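Numbering (our numbering), first residue to last: 1 to 438.
Note that CB positions come from ideal geometry on N, CA and C, so glycine has one too.
Bear in mind that the values here come from a model prediction, so they are computed numbers and not experimental data.
Heads up: the structure comes next, in structure tokens.
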Amino acid sequence: MSDASLAARSAALDLLRDVLRKSIPFDDAFDAHPELRALDPRDRGFVRLLTATVLRRLGQIDALIQGSLAKPGLPKATVHDILRLGAAQLVFLGTPAHAAVDTAVELAAARGAEPYKGLINAVLRRIGREGAELAAQQDAGRLNTPDWLWLAWRQAYGIGRTRGIVEAHLHEAPLDITVKADPAVWAERLEAKLLPTGTLRRAAGGNLTELPGFAEGAWWVQDLAASLPAKLFGDLAGKRVYDLCAAPGGKTAQLVAQGAEVTAVDRSAKRLERVRENLARLNLSAEVLATDAATWTPDQPADAVLLDAPCSATGAIRRHPDILRVKTPEDIGKLAKAQSRLLAHAVELVKPGGTLVYCTCSIQPEEGEAQIDRILARDKRVERLPITPVDLGGGHAGDGNLAELINERGEVRSLPGMLGDLGGIDGFFVARLRRLHD
Numbered sequence: 001m002s003d004a005s006l007a008a009r010s011a012a013l014d015l016l017r018d019v020l021r022k023s024i025p026f027d028d029a030f031d032a033h034p035e036l037r038a039l040d041p042r043d044r045g046f047v048r049l050l051t052a053t054v055l056r057r058l059g060q061i062d063a064l065i066q067g068s069l070a071k072p073g074l075p076k077a078t079v080h081d082i083l084r085l086g087a088a089q090l091v092f093l094g095t096p097a098h099a100a101v102d103t104a105v106e107l108a109a110a111r112g113a114e115p116y117k118g119l120i121n122a123v124l125r126r127i128g129r130e131g132a133e134l135a136a137q138q139d140a141g142r143l144n145t146p147d148w149l150w151l152a153w154r155q156a157y158g159i160g161r162t163r164g165i166v167e168a169h170l171h172e173a174p175l176d177i178t179v180k181a182d183p184a185v186w187a188e189r190l191e192a193k194l195l196p197t198g199t200l201r202r203a204a205g206g207n208l209t210e211l212p213g214f215a216e217g218a219w220w221v222q223d224l225a226a227s228l229p230a231k232l233f234g235d236l237a238g239k240r241v242y243d244l245c246a247a248p249g250g251k252t253a254q255l256v257a258q259g260a261e262v263t264a265v266d267r268s269a270k271r272l273e274r275v276r277e278n279l280a281r282l283n284l285s286a287e288v289l290a291t292d293a294a295t296w297t298p299d300q301p302a303d304a305v306l307l308d309a310p311c312s313a314t315g316a317i318r319r320h321p322d323i324l325r326v327k328t329p330e331d332i333g334k335l336a337k338a339q340s341r342l343l344a345h346a347v348e349l350v351k352p353g354g355t356l357v358y359c360t361c362s363i364q365p366e367e368g369e370a371q372i373d374r375i376l377a378r379d380k381r382v383e384r385l386p387i388t389p390v391d392l393g394g395g396h397a398g399d400g401n402l403a404e405l406i407n408e409r410g411e412v413r414s415l416p417g418m419l420g421d422l423g424g425i426d427g428f429f430v431a432r433l434r435r436l437h438d
């Protein structure tokens, strides 16, 4: 095995430890890893793909490993993770058996697991022979989903929708792009599909910075679902808009591109640097303010407020499979309390007659529908403004199947598994409210 191959797999082993044992989000662990910068882009891409595959398919992989052991249980965490990396390559990434097994054995030696080289060799060779056939017989969606999430989704959406959610998580999401203008023109230039909302969709992968229009700031990456909230305000030309919890800034860019005078607020100064960088590349301008949106008191209320509240991000598992491994039921309760405080304060920031849009990239009802029920029950100064497919379509390619995304209450409730004929969508909740006169 080459030094680069060993370094790549060693980095993947570190990342698994950080996510599974320290509950560090994958992107944070990846960005902080001291040795990844020294790898060439191809090897860095392999590290990301390999680690994400293990996280996405962890239940299946662990079942295959346990079924290949002479007796249950593993001697140490490092050995277990090395086996996970090897199994992912053999079963899901198509790595030749000799390469996957040999590199795993060498990695064990390099990581102080020399006594377990024989075990690793035997288990992986068995998985190499039998793993693909066994994996085809597994209930993949159920195995890869933690019990607490499976039960929560089944209660909220029923078994059919839940099956759609967990099966969508087995596949990497496509690359979605929002353009400042002329989506049909850019669809042709980017060799992308124009979706009914005006979003452009390409297959995942490739170097974004080399695509047409990146350097000139014609577009930015933004999931189809994440692009919906900013469409719901109507004409924003010359209007004051507060974008709360704004980082990383995709919705900020949309609002500015629609002609609004935007103040982007986020408590993380570090994350706001990314907002500034994105706006600069796009040749867009907004006021950017590092402060807590739950207590911020501007000089005057806004015509419109967008609150993209911090959430569990369980709607974004296709893009971030580590969410399956780092989130807990306790996180949902804590986040719901924070969302409630933010939403109550956001009402104070919008002028009478103005519009407030609340959204989260979560599919937990506690972070979506329940928040709207609570604010409508306790604050009679707001009312729900139902959302229609026309609001989401933006007059581009027709509303297509967009009605599927809207619940009976007039809110957006997208779920992984919906819009399957278009390539799917992330899970999102969006509600539109009007501030009434006091």
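- Within the model, the alpha-carbon separation for L93 versus T314 is close to 25 Å.
- The Cβ atoms of L228 and D176 lie no closer than 8 Å to each other.
- Residue nearest to R276 within the set P386, A88, L124 and G250 is G250 (criterion: CA-CA distance).
- Per DSSP, reduced to three states, the secondary structure at W148 is helical.
- According to the DSSP assignment, G417 belongs to no alpha helix (DSSP H) but to the beta strand (DSSP E) extending over P416 to L419.
- When DSSP states are grouped into helix, strand and coil, D102 belongs to the helix group.
- Annotated three-state conformation of W296 is coil, per DSSP.
- Judged by DSSP secondary structure, F46 falls outside any beta strand (DSSP E) and instead within the alpha helix (DSSP H) spanning P41 to R56.
- Per DSSP, reduced to three states, the secondary structure at R435 is strand.
- Contact check for L211 and L190: beta-carbon distance about 6 Å, within the 8 Å limit, so the pair qualifies.
- Rounded to the nearest angstrom, the Cβ distance from L124 to D322 is 24 Å, too far for a contact under 8 Å.
- Counting along the chain, I177 sits inside the beta strand (DSSP E) bounded by residues L175 to V179.
- Three or more beta-carbon pairs separated by less than 8 Å are not found between the stretch 335 to 344 and the stretch 30 to 38, which leaves the two stretches without contact.
- Looking at V288, G160, R48 and L306, the one whose alpha-carbon comes closest to that of G234 is L306.
- Shown here for G417: same chain residues with a beta carbon closer than 6 Å to its own, the five before and five after excluded, namely G164, I165 and A168 in chain order.
- Closest in alpha carbon position to E408, among D421, G427, I425 and R384, is R384.
- Between the beta-carbon of A104 and that of G131 there is about 13 Å, and that puts the pair past the 8 Å contact cut.
- In the displayed model, R319 falls within coil according to three-state DSSP, outside both helix and strand.
- Note on geometry: alpha-carbon atoms of R319 and E172 lie some 6 Å from one another.
- Boundaries around D3 are those of the alpha helix (DSSP H), D3 to K22, since no beta strand (DSSP E) includes it.
- Between the stretch 243 to 257 and the stretch 276 to 287 there are three or more inter-stretch CB-CB distances shorter than 8 Å, so the stretches are counted as touching.
- F428 is bridged by DSSP to S414.
- Taking a C-beta distance under 8 Å as the contact criterion, V412 and I387 qualify as a contact pair.
- The Cβ neighbour count for N207, taken over all protein chains shown within 10 Å, is under 16; the residue is labelled exposed.
- In the structure shown, T360 falls within a strand segment according to DSSP collapsed to helix, strand and coil.
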